[in-house]
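Pasting the structure below:
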């Protein structure tokens, strides 16, 4: 799999901005609003963004937020810890959703007994 470069991501966003400027303005407004108070600071915000990008499997987000995290002073170790959190949460989601399968099995088993 080829890794996207930041220039490729930005070029694609620029192309979309030319076609749908209101969508891009809305996107920028959301991002700006989310960080308006800056209580967490740029580094923590970018570490969170990286963990979310991994969870959402967004290659472009990974490229952009990796560069931003490094620029904000994040170390490889801090990035690795944020990624570990993403891995743990995603594994936890798999665990929790597995219980839905068990619920479905119970429901189907009860239906068969009632028939």
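Numbering (the numbering used here), first residue to last: 667 to 781. Glycine included, each C-beta is placed from N, C-alpha and C at the ideal position. This structure is a prediction, so every number in the text was calculated from the model and none was measured.
Reduced DSSP category for residue i - H, G, I as helix; E, B as strand; rest coil
i: residue 706; result: coil
i: residue 727; result: helix
i: residue 739; result: coil
i: residue 766; result: helix
i: residue 671; result: coil
i: residue 718; result: helix
i: residue 679; result: helix
i: residue 699; result: helix
i: residue 745; result: helix
i: residue 755; result: helix
i: residue 781; result: coil
Beta-carbon contacts of residue i that lie in its chain and below 7 Å, excluding the five residues immediately before and after
i: residue 701; result: 711
Assigned exposure category for residue i - 16 Cβ within 10 Å defines buried
i: residue 767; result: exposed
i: residue 713; result: buried
i: residue 689; result: exposed
i: residue 759; result: exposed
i: residue 684; result: exposed
Spatial neighbours of residue i in its chain, beta-carbon cut-off 6 Å, leaving aside the 5 residues before and after
i: residue 739; result: 709
Same chain, Cβ closer than 8 Å to residue i, five either side skipped, listed in chain order
i: residue 733; result: 672
i: residue 675; result: 726, 729, 730
i: residue 719; result: 727, 728, 731
i: residue 715; result: 727, 731, 734, 735
Validate contact between the segment 723-733 and the segment 688-697 using beta carbons, cut 8 Å, 3 pairs: no
Meets three-Cβ-pair contact criterion under 8 Å: the segment 767-778 and the segment 740-755: no
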